[in-house]
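Read through the structure below, which is laid out as structure tokens, and then see the notes.
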Amino acid sequence: MAAVVQRGYGTSEVLHLARIPRPEISAREVLVRVHAAGLAKGAWHIMTGKPYLLRAVFGLRSPRQNVLGNNLAGTVVAVGGDVTRFQVGDEVYGIGRGTFAEYSAAPEDKLAPKPKSLTFEQAAVAPVSGLTALQAVSDIGRVTAGQKALVLGAAGGVGSFAVQIAKAAGAEVTGACRGSKAGFVRSLGADHILDYTRDDFAAGPQRYDVIISIAGNPALRRLRRALTPRGTAVLVGGEEGGVLTGGMIETQIGGRILSLFTGQRLIGALCKERAADLERLTALIDAGQVMPLVDGSFALADVAAAMQRLESGTVQGSVMLTV
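Per my numbering, residue 136 is the first one in the sequence shown, and the count goes up by one each step.
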């Protein structure tokens with residue numbers, strides 16, 4: 136099969152299109168013919184090996200899993216002996232191994248039926264970004280009707296979902312983004328726009344019940360200043376804090392400690408890859424409350440260009456590969 140193989144860490148030059156065997160599946164996995172694969176920020180981190188802390192998990196000199204990607208949408212072509220939720224021919228979306236390829240092995244508990252209203256391309260960008268946003272907004276942030284919510288990084292993959300999910304919950308949503316992306320973020324349903332190149336979210340009089348912090352790695356003191364006395368900041372981002380740890384450990388541990396001594400909650404969020412949450416996301420999509428936004432479509436052979444687009448900072452929504 137054709138697959139994007141990574142040789143070492145670095146820029147998009149370490150990615151190569153190659154022919155490799157199809158993956159084998161275990162008893163609780165299915166083999167998916169991948170039709171589209173979404174590019175999440177995590178793929179960029181694995182490609183570059185930054186922050187360096189990630190190499191302790193994925194491999195010191197090169198990633199142990201040398202085929203990139205974990206978002207997919209496609210058709211089941213084989214099932215393991217213990218699989219009960221899917222059969223050959225089912226259209227699915229979710230999380231698999233090495234999805235920048237024609238075929239991917241995926242645990243059945245990380246997949247859900249593809250929403251009927253979505254194309255494969257739209258569905259492919261939803262799993263990681265959509266789940267991260269859903270869990271950040273609904274489970275950790277506990278956003279409810281009438282609250283004021285701020286999404287930092289509102290125009291990106293996770294942010295575009297977070298704005299829509301917060302609006303679906305009935306919140307008054309402010310989206311922080313570049314001024315050039317204001318129209319896009321308004322189209323997601325944001326009530327207010329904050330241009331972070333000109334305006335400091337922590338300097339104004341507005342206080343928020345919930346802040347979803349995805350971009351920029353703002354200092355915890357600034358997040359606290361912008362929160363209500365009992366508000367919650369959900370720390371999704373943090374990659375901009377340095378090449379060693381990315382600031383993730385310092386920010387999330389610091390937030391946990393501060394939460395013990397204040398009425399405010401500053402809680403880190405990592406995506407939990409669960410079929411039940413994919414089905415919650417599907418319900419929002421089917422209800423017309425959430426729509427995955429694709430801002431760039433590339434062929435598998437053009438993965439380097441797709442990565443460069445992801446790095447450019449110009450993306451509104453998500454980037455994906457057609458397979």
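Glycine included, C-beta positions come from ideal geometry on N, C-alpha and C.
Scanning its chain for C-beta atoms nearer than 6 Å, with the 5 sequence neighbours on each side dropped, one finds around Arg365 the residues Gly398, in chain order. DSSP, read as helix, strand or coil, puts Tyr187 in helix. DSSP, read as helix, strand or coil, puts Gly403 in strand. Shortest Cα-Cα distance from Gln257 to any of Gln443, Glu446, Asp437 and Val425 involves Val425. For Ser273, the number of other beta carbons within 10 angstroms of its own is at least 16, and it is reported as buried.
In the three-state scheme derived from DSSP, where H, G and I count as helix and E and B as strand, Thr449 is classed as coil. Distances from the CA of Gly452 to each of Ser295, Pro262 and Val308 were compared; the closest alpha carbon is that of Ser295.
Per DSSP, Ile328 is not a residue of any alpha helix (DSSP H); the beta strand (DSSP E) it occupies stretches across His327 to Asp330. Counted as a single uninterrupted DSSP element, the stretch harbouring Phe336 is not any beta strand (DSSP E), since DSSP gives it neither H nor E.
Unbroken beta strand (DSSP E) stretches of 3 residues or longer found wholly inside the segment 391-442: 400-403 and 429-434, given in chain order.
Residue burial is scored here from C-beta neighbours: Gly448 has fewer than 16 other C-beta atoms within 10 angstroms and is therefore classed as exposed. Assignment of Gln141 by DSSP, reduced to helix, strand and coil, places it in the strand class.
Going by beta carbons, Leu445 and Ala137 fall outside the 8 Å limit.
In the displayed model, Thr386 falls within a helix according to three-state DSSP. When the five nearest sequence neighbours on each side are left out, the beta carbons in the same chain lying within less than 6 Å of the beta carbon of Thr363 are those of Arg342 and Asp344, in order along the chain.
With respect to the 8 Å criterion, Asn206 and Val260 are classified as neighbours on the basis of their beta carbons.
Closest in C-alpha terms to Asn352, from the list Val227, Val369 and Val320, comes Val369. By alpha-carbon distance to Lys283, the top candidate from Ala325, Arg356, Ala317 and Ser264 is Ala325.
Within the same chain, Cβ atoms closer than 7 Å to the Cβ of Val169 are found at Leu207, Gly209, Thr234, Ala236, Glu237, Tyr238, Ser239 and Val458, the five residues on either side in sequence being excluded.
In terms of CA proximity to Ala422, Leu253 leads the group Gln270, Gly145, Pro198 and Leu253. Judged by DSSP secondary structure, Ala258 falls within the alpha helix (DSSP H) whose first and last residues are Phe255 to Ala259.
In this structure, Pro427 sits near Gly265, with a CB-CB distance shorter than 8 Å. With a cutoff of 8 Å on beta-carbon distance, Val139 and Val202 are scored as near each other.
Taking a C-beta distance under 8 Å as the contact criterion, Gln222 and Val211 qualify as a contact pair. For Met182, the secondary structure class from DSSP, reduced to helix, strand or coil, is helix. Under the three-state reduction of DSSP output, Val202 falls in the strand class.
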